[in-house]
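The structure appears right after this line, and notes come after that.
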Amino acid sequence: MYDMKRILNHLMLVLAAGMSPIWQAHAQTAAGASAPASSQSSSQSGLWVSELPEVRVTAPMLFDPRSDLNASDVGLGVFREAGGRLQSRRATSPDTSGLLQGMPGVQVQGAGGVSGLPVIRGLADERLRLQVDDMDLLAACANHMNPALSYIDPARVENVRVYAGITPVSVGGDSIGGTIQVDSALPEFAETGEAMLKGATLGSAYRSNGKGFDASVSTFMATARFHLRYEGTYARADNHRAGHDFKPVSEGREQGPLIPGDEVASTSFRSQNHKLGAAWRQGLHLFQADLGWQDIPFQAFPNQRMDMTENRSSIVNLRYTGQFRWGDVRLRAWHQRIRHRMDMGEDRYTYGTGMPMQTSATTTGASAQVNWLLNEHETLRLGGEALRYTLYDWWPPAGSSGAMAPDTFWNIDHGRRNRASVFAEWERRWGARWTILMGVRHTRVDSDAAPVSGYNSLPAWADDAFAFNARERRRNDQHWDLSVMASHQPVQGQRYEMGVARKTRSPSLYQRYPWSSNTMAAGMNNYLGDGNGYLGNVDLEPEVAHTLSAGGSWEDVSEARRWRAQLSAYITEIEDFIDAERCSPSQCRSGNQDARDEFVLLRYVNQKGRLYGVDLSGEHMLAEDERRGRLLVEGSLAWLRGTNRTTGEGAYNIMPANVRLSLVHRKRLANGSWSARFEWEGVRGKTRVSGVRNEIRTASYGLLHLRARQEWKRFSIDLGIENLLDKGYALPLGGAYIGQGSSMMLNTVPWGVAVPGKGRLFYAGFNYRF
C-alpha cells in the first residue's frame with residue numbers, strides 16, 4: 080500500500096518549490112504538521128532531500144486573499160474603512176450605504192430605509208461600479224428599490240473600499256464614476272494541530288426616531304482546513320419624523336388616520352438577511368462558497384410613487400484565491416435570483432384596487448484575474464469578466480375592468496443586458512519615490528428586449544406599444560477604457576499624484592426600454608426620486624467620460640504624528656451624457672413643455688456634461704497626554720459643480736458645498752479603548768438645479784452630532800445623538816416628497832416639497848464576541 084502521509088508531504092513541498100520564498104515556509108509548515116519532526120522526504124530522482132523541523136503556526140490564516148496586488152494603494156482617491164470606526168457607524172443606520180458617509184467626495188442619495196444610493200463626486204447609482212463580496216449586483220426595479228448595497232446588512236460589513244479618484248481598469252468597467260467594494264469578514268481557521276476554533280457575535284441597535292431596531296447574530300466553527308459560518312440580521316423601523324412641520328396635517332390613505340405635519344410618511348420598513356458560508360484552505364489556496372438569501376416584506380419610499388411590498392433574493396457566490404511564486408490567481412462566479420413586488424403602502428391611496436407591479440430578474444457573473452509579479456518593482460494584471468442579466472417587469476391588471484384591465488401591462492419583457500470585458504494593467508515602482516499605473520480595458524455590452532403590450536387594446540396603450548414593437552431594439556456597444564496615473568513622493572511625508580482616464584458606460588434597461596407615454600405608466604418609471612415620469616430611448620449611446628485628477632497629501636513624519644492633510648481636484652467631461660428632455664407635445668400631454676411648478680414627463684436623451692470640484696480633508700492633534708489620551712480636530716470639505724453643457728443648466732442632484740468639523744477624543748485603556756466625537760455638519764443651499772426636471776431647491780443648514788464608543792476585548796457599546804438641536808432641514812439629495820396621499824397620478828400630490836432630514840435621534844448599540 081502507498082504511504083499517504085509521505086505522498087502528501089511530497090505534494091506540499093513540491094508546491095512550495097513553485098512558490099515565492101515568503102510562502103515556502105508556510106507550505107513546509109503545513110506539510111511538516113502531518114509527520115514527525117525527525118521524518119525525511121526524498122524523491123527517487125534524487126533532486127532534493129529535506130528534513131522538516133517542527134514549526135508552530137502562529138497566525139489563524141496562512142494568507143489574506145485580499146492582500147492587494149490590486150493597485151489599491153496607488154491613488155490618493157482610495158479610501159478604506161474597517162475596524163472600530165466602521166463598527167461605530169453600524170449603530171447609526173441599518174442602511175449599508177450609510178457607512179460611506181464622511182468619506183471625502185462620497186454622499187448618499189435618499190431612497191428607502193435600507194436602499195440608499197451611493198454618490199461619488201456627483202455620479203450615482205449605476206454610473207458607479209458597486210461590488211458586494213466581489214459580486215457585481217444590479218437593481219431589478221423601475222425605481223431602483225433593490226440596489227447592490229441593499230443585499231448586505233451593515234452588521235456583516237467588515238471592510239469598505241472606495242475608489243473616488245482615477246479608478247484603475249482592474250477595478251472599473253461599465254461605469255463612469257468610481258468603484259465601491261464592500262466585503263464581509265474573511266474566514267478564520269484554527270492553528271495547525273490545534274483544537275477546533277469556535278466563535279459567535281451578537282449585536283443590536285436602537286434608534287429613537289422611528290423606533291428603529293436591528294439585531295444580528297454570527298457564529299462559526301473552523302478547523303485548520305475547513306470553516307463554516309452562519310450570519311443573520313433583522314431590521315425594522317416605523318415612519319420617522321422631521322425636525323419641524325414641513326407639510327399640512329392630512330390623511331394618507333382614503334379615510335385613513337391623519338399624518339402629523341412632521342411625520343415623514345412612507346419611511347417604514349422591515350428586512351432580514353441570512354448567509355451561510357463555507358471555506359476550505361489548502362496551503363496557499365482558499366476556496367469559498369456562500370449562500371445568501373434576503374426577505375424584505377415591506378419597505379416604503381418617500382420620494383417614489385410606489386412602495387416595495389416584497390423583495391426576495393437568493394445568491395450563490397463561489398470564490399477561489401491561490402498564491403504562487405509569480406503572483407496570485409483569483410476566480411469568481413455568482414448567481415442571483417430576485418422576485419420583487421411593488422404596490423401602495425398604508426400612507427397612500429389605493430383607489431380600491433391597488434397598483435400591483437412585479438419584477439423577476441437573474442444575474443449570472445464570472446471573473447478571472449491573474450496578478451503577475453514580473454520582478455520586485457513591476458506587476459502585470461490580466462483579467463476577464465462576464466455578466467448576464469435578464470429582467471421581466473410586468474404589471475398585473477388593477478381590477479377586472481377599466482383603463483388598467485383586463486390584460487397584463489408589460490413594462491419590459493425579457494430584457495437582456497449582457498457584458499464581457501478583458502483588461503490589462505501594468506504597475507511600476509521606482510524605489511519609494513515614483514509609481515506609475517496604466518491600463519486598458521475593452522468591454523462589449525449587448526442589450527435587447529422583447530415586444531410589449533398594454534393593459535388593453537385602447538389607443539392609450541396600443542399606439543405606444545405598436546411604435547415600440549416596430550423598432551429594432553437590440554443594441555451592441557463597444558467600450559474602450561484607459562487609465563494612467565503617476566505618483567511621486569519627493570520626501571517622506573509628502574506625496575503628489577496626477578492621473579487621466581477614459582471610462583465608458585452603456586445605458587441600463589430602464590433607460591432604453593420603458594415605452595409608454597401614459598402619465599401613470601411614465602411616473603412609475605423613475606429611479607431618480609424627482610417625482611417626474613420618464614420614457615426610455617432605444618437609441619441612447621453609451622456615456623464616455625474623460626477625467627483629469629491631481630492632488631497631494633502631507634503629514635507630520637515626526638514621532639508625534641500631529642497633523643495630516645489631503646487635497647484632490649478633478650474635472651470630468653462627459654460625452655453622450657444621459658440626461659433628459661421634455662416629452663414632445665405630439666406624444667405627451669399639452670402644457671408639459673412649459674410647465675414650471677409641477678411634475679413633468681421626460682425622455683432620456685444624450686447630451687454633454689461637465690463635473691469639477693475639490694475635496695479637502697485632514698486632522699490636527701490639539702493635545703496628547705499618556706493619562707488623558709489624545710484630543711484632535713478632524714475636518715473635510717467638498718465643493719462640486721455640475722453642468723449640462725448642452726442646455727447650460729445645472730446637472731441633477733448635485734450636492735452643494737459641505738463641510739464636516741469634529742472634535743475627537745481618543746484614549747487607550749488597560750483593557751480596551753474609548754472614543755468620543757462632537758461633530759458639526761454644514762451644507763450650503765442648493766440653488767443651481769436642473770430646470771428641465773423642475774428640481775426642488777433646498778436651503779442651507781447646520782447640524783450637530785454627538786457620538787461615543789467604549790470598546791473592550793470582547794464587548795463594545797455605541798451611544799450618540801444625531802441632529803442634537805432637532806433642526807428642521809431638507810435633504811439636498813433626498814428628492815421630491817411624494818410619500819403620502821394620491822401619489823399614483825403625476826400631479827395629484829403637491830409639487831415643491833423636498834424630502835426632509837431626520838429630526839433629533841438618540842441611538843444605542845452593542846456588540847459582543849465570544
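Numbered per the numbering used here, the sequence shown spans residues 80 to 849. Backbone N, C-alpha and C fix where the C-beta goes; we use that ideal spot for every residue, glycine too. Being a predicted model, the structure only gives us computed values, none of them experimental.
- With a cutoff of 8 Å on beta-carbon distance, Glu622 and Ile255 are scored as near each other.
- The beta carbon of Asn732 sits closer than 6 Å to the beta carbons of Leu812 from its chain, once the five residues preceding and following it are set aside; these are given in chain order.
- Per DSSP, the continuous beta strand (DSSP E) segment holding Pro197 begins and ends at 196-199.
- Straight-line measurement puts the Cα of Thr514 at about 10 Å from the Cα of Glu457.
- Approximately 6 Å separates the beta-carbon atoms of Ala219 and His419; this is inside 8 Å, confirming the contact.
- Between the C-alpha atoms of Asp543 and Gly494 there is a straight-line separation of about 18 Å.
- For Ala648, there is no enclosing alpha helix (DSSP H); the enclosing beta strand (DSSP E) covers residues 642-661.
- In this structure, Phe678 keeps its C-beta atom at 8 Å or more from the C-beta atom of Asn597.
- Rounded to whole angstroms, Gln557 and Thr766 show a C-alpha spacing of 38 Å.
- Between Gly154 and Tyr242 the beta-carbon gap is near 7 Å, inside 8 Å, which marks them as a contact.
- Contact between Gln186 and Met734 holds: CB atoms are separated by about 5 Å, below the 8 Å threshold.
- DSSP places Tyr428 in the coil class of the three-state scheme, outside both helix and strand.
- The continuous stretches of beta strand (DSSP E) do not include Trp405, and DSSP gives it neither H nor E.
- In its chain, beyond the 5 residues on either side, Met214, Asn396, Gly444 have a beta carbon closer than 6 Å to the beta carbon of Trp413.
- Under the DSSP assignment, Trp359 falls outside any alpha helix (DSSP H), being part of the beta strand (DSSP E) whose first and last residues are 348-361.
- By the beta-carbon neighbour count (other beta carbons within 10 angstroms, threshold 16), Gly630 is buried.
- Its chain contains Val617 as the residues whose beta carbon lies nearer than 8 Å to that of Arg550, once the 5 sequence neighbours on both sides are disregarded; these appear in chain order.
- Judged by DSSP secondary structure, Met517 falls outside any alpha helix (DSSP H) and instead within the beta strand (DSSP E) spanning 513-527.
- Under the three-state reduction of DSSP output, Phe545 falls in the helix class.
- Ala601 and Ser669 have their C-alpha atoms some 15 Å from each other.
- One alpha carbon belongs to Ala736, the other to Leu782, and they sit about 15 Å apart.
- If you draw a straight line from the Cα of Ala203 to the Cα of Pro197, it is about 6 Å long.
- When the Cα atoms are used, Thr302 and Pro266 turn out to be separated by approximately 11 Å.
- Counted as a single uninterrupted DSSP element, the stretch harbouring Tyr471 is not any alpha helix (DSSP H) but the beta strand (DSSP E) occupying residues 457-474.
- Around the Cβ of Glu333, a 10 Å sphere holds fewer than 16 other Cβ atoms; the residue is exposed.
- Linking Phe849 to Glu698 through their CA atoms gives a straight-line distance of about 35 Å.
- Within the segment 764-843, the complete beta strand (DSSP E) runs of at least 3 residues fall at 780-791, 794-801.
- Going by DSSP, Thr280 is part of the beta strand (DSSP E) stretching over 276-286.
- Ile491 and Asp472 have their alpha carbons spaced roughly 5 Å apart.
- A direct Cα-Cα distance of roughly 9 Å separates Gly807 from Asp341.
- Per DSSP, reduced to three states, the secondary structure at Ser167 is helical.
- In the structure shown, Met603 adopts helical secondary structure according to DSSP, grouped into three states.
- Assigned with DSSP and collapsed to three states, Gly630 falls in strand.
- The beta carbons of Met700 and Leu716 sit no closer together than 8 Å.
- For Phe794, same chain residues with a beta-carbon under 6 Å away, outside a window of 5 residues either side, are Tyr847 in chain order.
- Closest in alpha carbon position to Ala170, among Gly278, Phe292, Met436, is Phe292.
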